[in-house]
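Numbering (this note's numbering), first residue to last: -8 to 74. Ideal Cβ placement from N, Cα and C applies to all residues, glycine included. In this text the structure is predicted, and so the values were computed from the model without any measurement.
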């Protein structure tokens, strides 16, 4: 019986040069491309690919299933903290 291999993602600090200087972002990207110094392309909220993101730092590693289960946790935290 074949084992189900879960895909892992790493939280990364990313930077991309712009006309005004540099754009910074934190994102979860696939573990196989989450290497400091690598240049990656990311899909934005409109589904358009953006080239030239440089991986500055790599942090925590989580399975895709965990990220899907917790992708909206910040909403509940926000509701509890707003007065």
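How should residue 46 be labelled, buried or exposed, when 16 other C-beta atoms within 10 angstroms of its C-beta is the threshold for buried?
-> Counted from its first residue, the chain shown places residue 46 at position 55. Looking at its Cβ environment, which holds 16 or more other Cβ atoms inside 10 Å, residue 46 is buried.
Do you know offhand how far residue 13's Cα is from residue 25's?
-> Here the question's residue 13 lines up with position 22 in the chain shown. Here the question's residue 25 lines up with position 34 in the chain shown. Straight-line Cα distance between these residues: approximately 20 Å.
Which residue from 43, 54, 58 and 41 puts its Cα closest to that of residue -4?
-> Translated into the one-based positions of the chain shown, residue -4 becomes position 5. Nearest C-alpha to residue -4: 54.
Residue(s) in a DSSP beta bridge with residue 34 = Residue 34 sits at position 43 when you count from the first residue of the chain shown. 40, per the DSSP bridge assignment.
Counting only the same chain and skipping the five closest in sequence on each side, list residues whose C-beta sits under 7 Å from that of residue 0.
-> By one-based count along the chain shown, residue 0 stands at place 9. Around residue 0: 19, 20, 21, 22, 53, 55 and 58.
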